[in-house]
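First up is the structure itself, then whatever we jot down about it.
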Amino acid sequence: MRVLVIGSGGREHVICWKLKQSKRVTELFCAPGNGGIAGLATCVPITADDVEGITRFAVEENIDFVMVAPENPLALGLVDRLQSQGIRAFGPSAAAARIESSKAFSKDLMVRYNIPTAKYRLFEKESDALSYASEITLPAVVKADGLALGKGVIIAGDRMELEDAIRAMFSEKKFGNAGDRVLIEECLEGPELTILAFSDGDTVLPMISSRDHKRALDGDLGKNTGGMGAITPGADLTEAEEHRILETIIRPTIAALKEEGAPFAGVIYFGLMLTRDGPKVIEYNARFGDPEAQAILPRLQNDLMEVFEACVDHTLDRIKLVFKAGASCCVVMASGGYPDSYQKGYEIEGIETCGKLVFHAGTRLSDGKYLTNGGRVLCVYADAETTEKAIDSAYEGVRGIWFRDMHYRNDIGQTENKI
Ligand code: AMP
Ligand code: GLY
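Structure (structure tokens):
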């Protein structure tokens with residue numbers, strides 16, 4: 045099969061790396077790809093949200109299957125467009141991707157189908173939000189309705205912060221149109237856990253759990269980023285706890301989307317908080333997480349192409365996922381300054397000699413050398429029998445890599461996550 049992957053980060057690199065191992069894939073393309081992906085696939089210079097450009101390329105090049113990894117093209121309906129041209133495409137329709145692209149949609153769905161989540165109110169006017177803000181208990185969470193690169197969430201500890209957050213979204217338009225509607229939510233407490241699951245619209249198969257580290261600095265300090273590292277498993281859940289998450293959250297969500305006429309086929313991401321009252325949904329995403337995918341997929345023993353096809357062909361009930369036993373850790377190496385401004389174009393040393401699997405995020409190849417080309421640059425992966433050993437092994441790899449102004453967290457997998 046001629047397969048095209050959409051996207052350009054570490055997540056897309058690990059997807060290409062896994063697909064390359066499949067006998068079913070004869071030729072692999074990636075749009076737009078990056079320096080590391082270029083070693084596995086033919087990179088095509090079309091941006092991920094160019095729906096028409098990608099569709100044209102897929103038709104002209106007789107692509108058999110397209111895997112859409114990032115949220116923007118999913119929200120723009122790339123999967124619908126490709127399918128309307130008779131091309132098999134992995135990922136939810138734009139209608140199902142609303143669980144990520146509209147928090148108002150996802151919260152309303154959860155409330156109507158009794159899926160546990162934080163209590164919330166939705167506002168379309170700043171004055172209404174401000175008057176509500178004067179009477180609620182603090183801390184409270186303010187969220188932009190639409191896609192805001194993971195940055196549209198503000199946790200307000202006092203009244204002033206809360207009002208500033210509301211104004212930033214409505215009148216200052218800090219998150220553009222994403223902040224036209226704003227949610228104010230109860231602040232939950234507890235360890236966070238990510239569960240990704242494959243679904244074909246009916247059957248849903250959870251993967252091993254994982255945990256991201258969103259803040260830029262050690263000790264969960266600094267700004268929110270796309271994710272600075274991840275571990276699997278994300279928590280030591282008992283069978284009863286796993287069962288509760290499956291029966292109160294995962295299955296009801298897939299059933300609800302089907303009931304709403306927007307069946308979800310693809311990977312669904314459950315961002316959970318394990319509160320004293322049980323697991324609750326913090327957010328849904330309509331795709332693999334980055335860097336969660338880099339921590340999970342190397343442990344997957346199945347042929348990833350077969351799993352993708354089963355999601356699209358509605359035959360996921362015939363698949364059993366198998367993961368390598370033990371644990372894994374991936375550490376993101378970023379450009380100094382990220383998530384704010386940073387320099388690009390520095391030469392990277394040690395990728396091939398560090399002895400670990402390294403997935404590229406923001407890199408490009410120039411005259412046979414890898415140069416930095418983004419905020420998150422690399423993701424160094426290791427697995428082992430225990431989480432501690434996986435962490436040590438990943439950092440061993442990190443120490444073998446160097447580029448100017450590089451920045452990484454030293455405590456991936458080591459922050460408290462007690463249930
Ligand atoms: P989100 O973009 O929805 O994943 O939110 C980003 C981060 O904000 C989450 O990973 C949580 O750490 C935090 N957060 C979001 N909503 C809540 C909430 N209701 N209570 C506590 N923390 C939250
Ligand atoms: N790592 C969080 C995300 O991909 O949204």
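Per our numbering, the very first residue in the sequence shown carries number 45; after that it's consecutive.
All C-beta atoms in this analysis are idealised placements derived from N, C-alpha and C, irrespective of residue type, glycine included.
Just so you know, the alpha carbons of A378 and Y386 end up roughly 10 angstroms apart. Judged by DSSP in its simplified three-state form, S146 adopts coil rather than helix or strand.
Within a 10 Å sphere around the beta-carbon of L182 sit fewer than 16 other beta-carbons, which makes this residue exposed. With contacts defined as CB atoms closer than 8 angstroms, P117 and I50 qualify as a contacting pair. For R420, the three-state secondary structure derived from DSSP is strand.
E336 sits close to A274, with the two beta carbons spaced by under 8 angstroms. G135 has its CB no nearer than 7 angstroms to any heavy atom of ligand 2. The way I'd put it, the region 308-319 doesn't touch the region 386-397; fewer than three beta-carbon pairs between them come closer than 8 angstroms. For H287, the uninterrupted alpha helix (DSSP H) run begins and ends at 283-289, by DSSP. By the Cβ-count criterion, T269 is buried, with 16 or more other Cβ atoms from all chains shown falling within 10 Å of its own Cβ.
Residue state for C231 is assigned as coil, using DSSP reduced to three classes.
Beta-bridge analysis with DSSP links I275 to R255, C373. Within the DSSP bridge table, the entry for E327 names G315 as partners. Under the Cβ criterion (8 angstroms, minimum of three pairs), the region 129-137 does not count as touching the region 193-202. Taking all protein chains in view, the Cβ of K324 is crowded by 16 or more other Cβ atoms within 10 Å, so the residue is classified as buried. In this structure, T407 and N78 form a Cβ contact; the two beta carbons are roughly 5 angstroms apart against a cut-off of 8 angstroms.
If you draw a straight line from the Cα of I326 to the Cα of A405, it comes to about 26 angstroms. I98 and L122 do touch by the CB rule: their CB atoms are close to 6 angstroms apart, below 8 angstroms.
Ordered by chain, the residues meeting the criterion of a beta-carbon within less than 5 angstroms of a non-hydrogen atom of ligand 2 are D256, G271, G333, D334. In its chain, beyond the 5 residues on either side, F219, A222 have a beta carbon closer than 6 angstroms to the beta carbon of A192. Here the alpha carbons of R255 and M317 stand approximately 11 angstroms from one another. Straight through space, the alpha carbons of D384 and V376 are spaced by roughly 16 angstroms.
In this structure, E233 lies away from V185, with their beta-carbon atoms at least 8 angstroms apart. Sorting L422, L360, S372, V402 by C-alpha distance to the C-alpha of Y390 places L422 at the top. Annotation for D411: no residue places its beta carbon closer than 6 angstroms to its own, counting only its chain and skipping 5 residues before and after. For T238, the enclosing beta strand (DSSP E) starts and ends at 236-244. The beta carbon of L265 sits closer than 7 angstroms to the beta carbons of R259 from its chain, once the five residues preceding and following it are set aside; these are given in chain order. In summary, S178 is exposed, with fewer than 16 beta-carbon neighbours lying within 10 Å of its beta-carbon over all protein chains present.
Checking the 7 angstroms criterion, the Cβ of I199 is within range of a heavy atom belonging to ligand 1. For K163, the CB contacts under 6 angstroms within the same chain, skipping 5 residues up- and downstream, are E230 in chain order.
In the structure shown, the three-state DSSP call for D427 is strand. Here M251 has L240, I340 as same chain residues with Cβ atoms under 6 angstroms from its own Cβ, once five neighbours each way along the sequence are excluded. When rounded, the separation of the alpha-carbon atoms in G263 and Y452 is 12 angstroms.
In chain order, R225 place their CB closer than 7 angstroms to the CB of E168, counting only its own chain and leaving out the 5 sequence neighbours on each side. In this structure, the beta-carbon distance from R55 to D334 falls below 8 angstroms. By the neighbour-count definition (other C-beta atoms within 10 Å, threshold 16), R420 is a buried residue.
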